[in-house]
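Going by the numbering used here, the sequence shown runs without a break in its numbering and finishes at 165.
Please read the structure below before turning to the comments.
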Amino acid sequence: MSPVKSPQIAALLAIIAIGSSCKDRPARMAKGFRLPEGSDANGRRAFQEMNCTHCHTVAGEEMPKPTAAAEVQFELGGEVRRVKSYGELVTAITQPQHGLAPAYAARSNKTDDKKAPSPMPSFNDAMSVTQLTDIITFLHSRYRKAAPPGSVYPYYMP
């Protein structure tokens, strides 16, 4: 077994220093991370209790009308080309700034160097894990995958 040479140590330290100084590090992710099962009925109730209906509607669901007009209204669920994954719904609730809806970002008057702030407040300190998993179970079950659009080109049989 040969001793480690000091140039090798210097190179390793340089790599660590460069890697740790990156400003745009990816968010922490955990492979195999799993939340407890949620309840659809409790999720519907929690969705209303957390006043999500102030800015969101849910496709196919009758929800109480908001008491005041919201800056924006977004429908969740329904028939979409790409169904939101469980993880995407968790991220949307726990980090609303992570991915803004393109329609909202387009309406924003922000320049490219300043991202539009999310109108959704953080519920991380107000929402329990049980409420989170229940709401996600409720919302995830409301998405349906849309059929791909048909071809606009005529099809000729020889």
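In this text, a Cβ means the ideal position worked out from N, Cα and C, and glycines have one as well.
- Between N58 and T101 a beta carbon distance of about 17 Å is seen, past the 8 Å cut, so the two are scored as non-contacting.
- Taking the C-beta atoms as reference points, A154 is found no nearer than 8 Å to V87.
- Counting the other Cβ atoms within 10 Å of the Cβ of A77 gives fewer than 16, which makes it exposed.
- Buried is the label assigned to G50, since at least 16 other Cβ atoms lie within 10 Å of its Cβ.
- In terms of CA proximity to T98, H147 leads the group A48, H147, A53, Q80.
- By DSSP's assignment, G45 forms no beta bridge with any residue.
- A straight line joining the alpha-carbon of Y93 with that of P73 spans about 26 Å.
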